[in-house]
Amino acid sequence: MMLRYLIFFICFLFSAVVNAQRTIDCEKELDKEPYFVKHKTSEKDSLLKRDIAILKHCGNFESIDSVFFKGQMLGSLMLDQVRLGKPATYRTLIEYFAEFKKTIGYKDFIKGLVLYKEMAMKKVNLDNWETDKELFVRMGFTVGDLDDFKGFLTSVASENLTYKVALTRYMSEIEAMRIDK
Numbered sequence: 015m016m017l018r019y020l021i022f023f024i025c026f027l028f029s030a031v032v033n034a035q036r037t038i039d040c041e042k043e044l045d046k047e048p049y050f051v052k053h054k055t056s057e058k059d060s061l062l063k064r065d066i067a068i069l070k071h072c073g074n075f076e077s078i079d080s081v082f083f084k085g086q087m088l089g090s091l092m093l094d095q096v097r098l099g100k101p102a103t104y105r106t107l108i109e110y111f112a113e114f115k116k117t118i119g120y121k122d123f124i125k126g127l128v129l130y131k132e133m134a135m136k137k138v139n140l141d142n143w144e145t146d147k148e149l150f151v152r153m154g155f156t157v158g159d160l161d162d163f164k165g166f167l168t169s170v171a172s173e174n175l176t177y178k179v180a181l182t183r184y185m186s187e188i189e190a191m192r193i194d195k
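No gaps in the numbering here: position 88 of the sequence shown is 102 in the numbering used here, and each next residue is one more.
This is the structure:
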């Protein structure tokens, strides 16, 4: 009985290895409809991961483009393209990204993303505020917002926080004040 389970397990592992090593044939896959088009997906969904693997393999994406590879984001982008009369295929998304990457909007988005990642790791230092506030300006902070946030940063400067943690705490305090009113 145990031998039967062992043989079954070995066959299962062999099958998984063979399937994992199978390469993606872009010409066969690109005109197919991705799984996420008709299904609500989660980050752990293996079929969404397959959709993303196909897009990455066939689409010549940069590693920074991975921020777009979330089920909801892909679904939203696909819906926009379908509303324009395009088919719901991998090819449609790849062509959309190829065109989007040529725009100033994409370049600005990437610049903002890089700044955000830097700020997520960068410690609050009010001596560098004039340079550091660029991210917050890009996030839509007004002059008043910047002044309020700088005041908050002054009050927590001794805590050795990153800008990301400081911003999260700042937003929590603002939300708490709204609820108290």
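Just so you know, even glycine gets a beta-carbon here, dropped at the ideal spot from N, CA and C.
Going straight from the alpha carbon of residue i to that of residue j, what length do you get?
i, j, result
"T103", "P48", "6 Å"
"V51", "F155", "35 Å"
"L149", "D39", "41 Å"
"E109", "A190", "44 Å"
"L69", "V179", "33 Å"
"I188", "H53", "37 Å"
"V170", "Y130", "20 Å"
"R97", "R105", "16 Å"
"S77", "S56", "21 Å"
"F166", "D194", "19 Å"
"D79", "L44", "19 Å"
"D162", "K116", "37 Å"
"A112", "T168", "43 Å"
"R152", "V138", "18 Å"
"I124", "F75", "13 Å"
"E132", "Y184", "19 Å"
"T145", "S186", "24 Å"
"G58", "V81", "The sequence shown places Lys at residue 58, rather than the Gly named in the question. Approximately 16 Å, taken between the alpha carbons."
"G157", "F114", "Strictly speaking, residue 157 in this sequence is Val, with Gly absent from that position. If I take the Cα positions, the gap works out to 31 Å."
What does DSSP give as the partner residue(s) for residue i in the beta ladder?
i, result
"K137", "T176"
Ignore the nearest five residues each way along the sequence and tell me which others in residue i's own chain have a CB closer than 7 Å to its CB.
i, result
"M135", "T176"
"I66", "F83"
"K100", "T106"
Classify residue i as helix, strand or coil using the three-state DSSP reduction.
i, result
"I38", "coil"
"K116", "coil"
"A102", "coil"
"E109", "helix"
"N207", "The requested residue 207 does not occur in the structure, where the chain is confined to residues 15 to 195."
"G154", "coil"
"F123", "helix"
"D45", "coil"
"D159", "helix"
Please work out which residues of its chain come closer than 8 Å, Cβ to Cβ, to residue i, disregarding the five sequence neighbours upstream and downstream, and give them in chain order.
i, result
"K164", "L140, W143 and K147"
"L107", "P48, L69, G73, L88, L91, M92 and Q95"
"K46", "T103 and Y104"
"L160", "K147, F150 and V151"
Checklist line | Stretch pair the region 59–70 + the region 81–101: three plus CB contacts closer than 8 Å | finding: The region 59–70 vs the region 81–101: in contact.
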